[in-house]
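Number of protein chains: 2
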Amino acid sequence: MIPSRVIETKRDGGELGAEELEAFLQAYLEDRIPDYQMAAFLMATYFRGLTRVETDALVRCMLESGAVLDLGYLDGARVDKHSTGGVGDKVSLVLAPLAAALGVYVPMMSGRGLGHTAGTLDKLEAIPGFRTVLRLDEFRAILETVGCAMIGQTDEIAPLDRRLYALRDVTATVPVIPLIAASIMSKKLAEGLNGLVLDVKVGSGAFIPDEERALDLARTMVSIGAGRGLPTVALLTAMDRPLGRAVGNALETREAIACLRGDGPADVVELVIEEAAEMLLLSDASTQRDGARERAREALSSGAALDRFIRLVEAQGGDPRVIEDPSRLALAPERAVVEVVEAGTVGTVEPRVLGFGVVGLGGGRTRMDQEVDLGVGFEVDVRPGQRVEPGQPLGTVYARDADGLSRGTRVLREAVRVGDPPHPRPLISHRVTAADV
Amino acid sequence: MIPSRVIETKRDGGELGAEELEAFLQAYLEDRIPDYQMAAFLMATYFRGLTRVETDALVRCMLESGAVLDLGYLDGARVDKHSTGGVGDKVSLVLAPLAAALGVYVPMMSGRGLGHTAGTLDKLEAIPGFRTVLRLDEFRAILETVGCAMIGQTDEIAPLDRRLYALRDVTATVPVIPLIAASIMSKKLAEGLNGLVLDVKVGSGAFIPDEERALDLARTMVSIGAGRGLPTVALLTAMDRPLGRAVGNALETREAIACLRGDGPADVVELVIEEAAEMLLLSDASTQRDGARERAREALSSGAALDRFIRLVEAQGGDPRVIEDPSRLALAPERAVVEVVEAGTVGTVEPRVLGFGVVGLGGGRTRMDQEVDLGVGFEVDVRPGQRVEPGQPLGTVYARDADGLSRGTRVLREAVRVGDPPHPRPLISHRVTAADV
Numbered sequence: 089m090i091p092s093r094v095i096e097t098k099r100d101g102g103e104l105g106a107e108e109l110e111a112f113l114q115a116y117l118e119d120r121i122p123d124y125q126m127a128a129f130l131m132a133t134y135f136r137g138l139t140r141v142e143t144d145a146l147v148r149c150m151l152e153s154g155a156v157l158d159l160g161y162l163d164g165a166r167v168d169k170h171s172t173g174g175v176g177d178k179v180s181l182v183l184a185p186l187a188a189a190l191g192v193y194v195p196m197m198s199g200r201g202l203g204h205t206a207g208t209l210d211k212l213e214a215i216p217g218f219r220t221v222l223r224l225d226e227f228r229a230i231l232e233t234v235g236c237a238m239i240g241q242t243d244e245i246a247p248l249d250r251r252l253y254a255l256r257d258v259t260a261t262v263p264v265i266p267l268i269a270a271s272i273m274s275k276k277l278a279e280g281l282n283g284l285v286l287d288v289k290v291g292s293g294a295f296i297p298d299e300e301r302a303l304d305l306a307r308t309m310v311s312i313g314a315g316r317g318l319p320t321v322a323l324l325t326a327m328d329r330p331l332g333r334a335v336g337n338a339l340e341t342r343e344a345i346a347c348l349r350g351d352g353p354a355d356v357v358e359l360v361i362e363e364a365a366e367m368l369l370l371s372d373a374s375t376q377r378d379g380a381r382e383r384a385r386e387a388l389s390s391g392a393a394l395d396r397f398i399r400l401v402e403a404q405g406g407d408p409r410v411i412e413d414p415s416r417l418a419l420a421p422e423r424a425v426v427e428v429v430e431a432g433t434v435g436t437v438e439p440r441v442l443g444f445g446v447v448g449l450g451g452g453r454t455r456m457d458q459e460v461d462l463g464v465g466f467e468v469d470v471r472p473g474q475r476v477e478p479g480q481p482l483g484t485v486y487a488r489d490a491d492g493l494s495r496g497t498r499v500l501r502e503a504v505r506v507g508d509p510p511h512p513r514p515l516i517s518h519r520v521t522a523a524d525v
Numbered sequence: 089m090i091p092s093r094v095i096e097t098k099r100d101g102g103e104l105g106a107e108e109l110e111a112f113l114q115a116y117l118e119d120r121i122p123d124y125q126m127a128a129f130l131m132a133t134y135f136r137g138l139t140r141v142e143t144d145a146l147v148r149c150m151l152e153s154g155a156v157l158d159l160g161y162l163d164g165a166r167v168d169k170h171s172t173g174g175v176g177d178k179v180s181l182v183l184a185p186l187a188a189a190l191g192v193y194v195p196m197m198s199g200r201g202l203g204h205t206a207g208t209l210d211k212l213e214a215i216p217g218f219r220t221v222l223r224l225d226e227f228r229a230i231l232e233t234v235g236c237a238m239i240g241q242t243d244e245i246a247p248l249d250r251r252l253y254a255l256r257d258v259t260a261t262v263p264v265i266p267l268i269a270a271s272i273m274s275k276k277l278a279e280g281l282n283g284l285v286l287d288v289k290v291g292s293g294a295f296i297p298d299e300e301r302a303l304d305l306a307r308t309m310v311s312i313g314a315g316r317g318l319p320t321v322a323l324l325t326a327m328d329r330p331l332g333r334a335v336g337n338a339l340e341t342r343e344a345i346a347c348l349r350g351d352g353p354a355d356v357v358e359l360v361i362e363e364a365a366e367m368l369l370l371s372d373a374s375t376q377r378d379g380a381r382e383r384a385r386e387a388l389s390s391g392a393a394l395d396r397f398i399r400l401v402e403a404q405g406g407d408p409r410v411i412e413d414p415s416r417l418a419l420a421p422e423r424a425v426v427e428v429v430e431a432g433t434v435g436t437v438e439p440r441v442l443g444f445g446v447v448g449l450g451g452g453r454t455r456m457d458q459e460v461d462l463g464v465g466f467e468v469d470v471r472p473g474q475r476v477e478p479g480q481p482l483g484t485v486y487a488r489d490a491d492g493l494s495r496g497t498r499v500l501r502e503a504v505r506v507g508d509p510p511h512p513r514p515l516i517s518h519r520v521t522a523a524d525v
């Protein structure tokens, strides 16, 4: 394996042998290939892609570069859900305890917010005391007793992926479908799962807005899972508007709790029920889809899911009183209700504008080492297609100070466009399984 | 200037502002941008190219990163010639003293052989004692007294180019026309010239075999020169066969001396005369082309050019007795005449096969830090289109030992193909000036 030849082959659109690519990746992991050769290779993949064989070799190297959880001690199936990231996506906070209540073990390793999207870890940390960094033995014990546990990715998992991601981040080589797919799947394969549900966001607020490319990503990930014996189902879900009403960490946590209390926005609840049903189907092949949905709805309305969430919060050191009293979530002190100015039909609610609006209020990151203000954000009162009249509330801004309020007000007004013809995407537009790829 | 944005803009096919690109390059030169970001940028330029504005900005940064010779103390025009590199190209050794004999100052900075082509410095060093590393004051003095001086590129010239070239070499980003053009022109612009002749090789033995791409390179370089006030003329010349008969360092030096003695192969002599005429035209606008050719032929046949060469060799520490007695050139001791096997017409004499054949005999480099055996190589007795009969000599192999002889014999037989229809390129197919671009 000659590194410059590997780069050249990729540059010229040829296919690398699995052994050749693995030798290249292994040499990089062992610091025998410098970052600059890897950077040139990554940029070549931006233009040339990776074949299925190459992608599988990359996933294998990433996975084998680190530890794989052995969760065989659990007496039931382990199924996780991963979202590619969107604005207002608080599904994990509701879904993990719900699936646990249905008897599915959920060993969930999540990320932090970056760019215009928030992350599950930040939302959990809006609960006073909640610890997202656990020792592995704590994680395993909580998973066994509560049925779910939620932590950040540990250093032991897929170190090659972490190194490659850091390099991609500074070399403009992030948006490459097979690299994204391999990065996600290597981490999920390390969780020792029996099934995986992928929520692939599509629309202007998604990292990959285009439907064809989002489908390509979904198919690539499902195929990687199938190839390594992990049954994987991907749903393409709408991110041309925020999910739910709340955008911003603590606000989203509050909305997730409302969902668990039976009072969530219809779209969040529908997506949670569908994904819980997929997880049930993956955990037990004999389940029927309608029955699975019914059981999920029942566990949500009965309070069984809420009960799991309370136990999860307690187990991970959080203050469970936030469930009864959401004011204990560190919400920003300054609030302003923004009103509709002109009558008309809401055309779009731009998720990206709101997401970057949260960053602008101090509630998001443009670099991974930034602190975030978990209390700021927006609650949006209108949806695309809705008829509005002047004076009616458009939404509420939560900010740290008066200056933030006025900036947030401008963001909210910019995000909601009245008059555009509304063409909202269906909440769930595609379902991709191994049979489709 | 945000480095990842610069990379992204190039990746997406956009044009960078001159200031933005200069800031990026300057930051790289000052080690504020790491090699891996530059490597990603270079690979993006492989796919997207550089615009004229971007190329000019790159040349400016390369040039300003180092010293520029001030040759204003000379009482005449300074004109240099640069070849993009081919097999058997010993033109510089004849041309520099010839132009000097015609009153043109030639401050020539050359390179070493790499890959399948040999370099002027190696050929000069086949002359016992010849020093190609001179102090700048020595170089200036020899240039003034002899009219020409021939050295390697000094560390002071265009250090940014040297750093970028080293990075390109290991990241599969060498074959990018604007990068090649900027690299060549930044070094030539640093020589403080009044005119420049470019010999752009085209055909299977050239680094850029394709005529369209070679023309693109020629036009890019001529345009860079014009943009910076350096009148530049480029000739596209044939490299679908070796130039002359000799391939290999000392053998080529011997052939160059033969040319200076009035006994050179017709193609080498023709190219030398044409390039000398171009140099004369650039040094004095009142010259007529026919007159310039005539003066060049006269200076070659009268021995004036040979006299300059002898003075050059003496001034740079070489043994001038090699001119009378070429056996003093360190030619390899083992020789074998290879004979034609089957009758027919010679279709092709593959320059690349012969060039790599020299490398295989120890006379070339695959890495810049390799020592070379200057004495090995080939003398080819046949040309494309020539009718041959069995038993007639095909050429002679010069090797260090018997094993080398047998390898060299195979190379010579492989390089000469009898039976292919011959389609040799015209020796000089295009002439590109600023008026054409």
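Quick note, the sequences are listed as chains A and B, same order.
In this text, residue positions in the first sequence follow my numbering: the first is 89, and each later residue adds one.
In this text, residue positions in the second sequence follow my numbering: the first is 89, and each later residue adds one.
A virtual CB, placed ideally from N, CA and C, is assigned to each residue, including glycine.
Coil, strand or helix - B:Leu467 by DSSP = The question names Leu, yet the displayed sequence has Glu at residue 467 of chain B. DSSP places B:Glu467 in strand when its eight states are reduced to three.
B:Val335 versus B:Leu449 - alpha carbon distance = 12 Å
query = Are A:Arg377 and A:Leu388 closer than 8 Å when you measure CB to CB?
reply = A:Arg377 is not a Cβ neighbour of A:Leu388, given a cutoff of 8 Å.
ask   = When the cut-off is 8 Å and only beta carbons count, does A:Tyr116 lie next to chain B?
value = Against chain B, the CB of A:Tyr116 has no partner CB under 8 Å away; the residue lies outside that interface.
inquiry  = Tell me whether the region 462-471 of chain B and the region 413-427 of chain B touch, counting them as touching only if at least three CB pairs, one residue from each stretch, are closer than 8 Å.
reply    = yes
key: Residues that A:Asp287 bridges to, as DSSP identifies them   = A:Ser171, A:Leu323
inquiry  = Using beta carbons (cut-off 8 Å, strictly below), is B:Leu130 in contact with chain A?
reply    = It does: the Cβ of B:Leu130 has a partner Cβ on chain A nearer than 8 Å.
query = B:Ala326: which of B:Leu359, B:Cys347, B:Thr341, B:Asp304 sits nearest, CA to CA?
reply = B:Leu359
request  = Would you please verify whether the beta carbon of A:Thr139 is less than 8 Å from any beta carbon of chain B?
outcome  = no
query = Applying the criterion that 16 or more other CB atoms from any shown protein chain within 10 Å of the CB defines a buried residue, is A:Gly233 buried or exposed?
reply = The amino acid at residue 233 of chain A is misidentified as Gly; the sequence shows Thr. It counts as exposed.
query = Does the distance from the C-beta atom of B:Ala278 to that of B:Leu305 stay below 8 Å?
reply = No, these two residues do not count as a Cβ contact at 8 Å.
task = Measure the Cβ-Cβ separation of A:Ala254 and A:Thr172 and say whether it is below 8 Å.
result = With a cutoff of 8 Å on beta-carbon distance, A:Ala254 and A:Thr172 are scored as not near each other.
inquiry  = Given this structure, state the Cα-to-Cα distance separating A:Leu331 from B:Asp119, to the nearest angstrom.
reply    = 44 Å
message = Can you find the residues in the same chain that come closer than 6 Å, C-beta to C-beta, to B:Ser180, ignoring five residues on each side of it along the sequence?
response = Excluding residues within five positions, the ones whose Cβ falls inside 6 Å are Thr208.
task = Please name the residue, chosen from A:Phe218, A:Pro421, A:Gly479, that lies closest to A:Leu534 on a Cα-to-Cα basis.
result = With chain A covering 89 to 525 only, the question about residue 534 of chain A has no answer from this structure.
ask   = Counting only beta-carbon atoms, is A:Asp123 nearer than 8 Å to chain B?
value = yes
ask   = On the three-state DSSP scale, how would you describe A:Pro481?
value = strand
task = Give a yes or no on contact between the region 435-442 of chain A and the region 494-513 of chain A, applying the rule of three or more CB pairs nearer than 8 Å.
result = yes
Counted within 10 angstroms of its Cβ, other Cβ atoms place B:His511 as buried (16 or more) or exposed = exposed
ask   = If the cut is a Cβ gap below 7 Å, which residues of chain A does B:Ala260 touch?
value = Ser92, Ile95, Glu96, Arg99, Ala128
ask   = Is the beta carbon of A:Ala135 less than 8 Å from the beta carbon of A:Ile121?
value = Looking at the sequence itself, residue 135 of chain A is Phe, so the reference to Ala does not match. No, they are not a contact pair.
key: Candidates B:Gly406, B:Thr375, B:Asn337, of which the one nearest B:Gly445 by Cα   = B:Asn337
Partner residues on chain B for A:Leu255, Cβ-Cβ distance less than 8 Å = Tyr124
task = Ignoring anything shorter than 3 residues or poking outside the region 289-318 of chain B, list the beta strand (DSSP E) runs there in chain order.
result = For the region 289-318 of chain B, not a single whole beta strand (DSSP E) run of length 3 or above is found.
inquiry  = If you follow the alpha helix (DSSP H) that B:Met367 is in, where does it begin and where does it stop?
reply    = 354-371
Residue from A:Pro514, A:Pro509, A:Gly391 with nearest C-alpha to A:Ala346 = A:Gly391
request  = Please go through the same chain and pick out, in chain order, the residues whose beta-carbon is closer than 6 Å to the beta-carbon of B:Pro263, but skip the five residues on each side of it.
outcome  = none
Residue from A:Ser374, A:Val357, A:Tyr193 with nearest C-alpha to A:Arg396 = For the residues A:Ser374, A:Val357, A:Tyr193, the minimum Cα distance to A:Arg396 belongs to A:Tyr193.
message = Count Cβ pairs between the region 317-325 of chain B and the region 397-412 of chain B that sit closer than 8 Å; are there 3 or more?
response = no
Three-pair Cβ contact test at 8 Å for the region 283-301 of chain B versus the region 142-159 of chain B = no
Inside the region 233-286 of chain A only - alpha helix (DSSP H) runs reaching at least 4 residues = The region 233-286 of chain A contains these whole alpha helix (DSSP H) runs: 247-257, 265-277.
task = Kindly say whether A:Phe295, judged by its beta-carbon, lies nearer than 8 Å to any beta-carbon of chain B.
result = no
query = Whose Cβ in chain B lies nearer than 7 Å to the Cβ of A:Phe135?
reply = Phe135
ask   = If we ignore side chains and look at the alpha-carbon of each, how far apart do A:Ala302 and A:Leu151 end up?
value = One Cα belongs to A:Ala302, the other to A:Leu151, and the distance between them is close to 23 Å.
ask   = To which residues of the same chain is A:Ile361 closer than 8 Å at the C-beta, ignoring the five residues directly before and after it?
value = The answer, listed in chain order, is Arg381, Ala384, Arg385, Leu388.
ask   = What does a CB cutoff of less than 8 Å around B:Val401 pick up in its chain, not counting 5 residues either side in sequence?
value = Ile215, Phe218, Asp407, Pro408, Val410, Ile411
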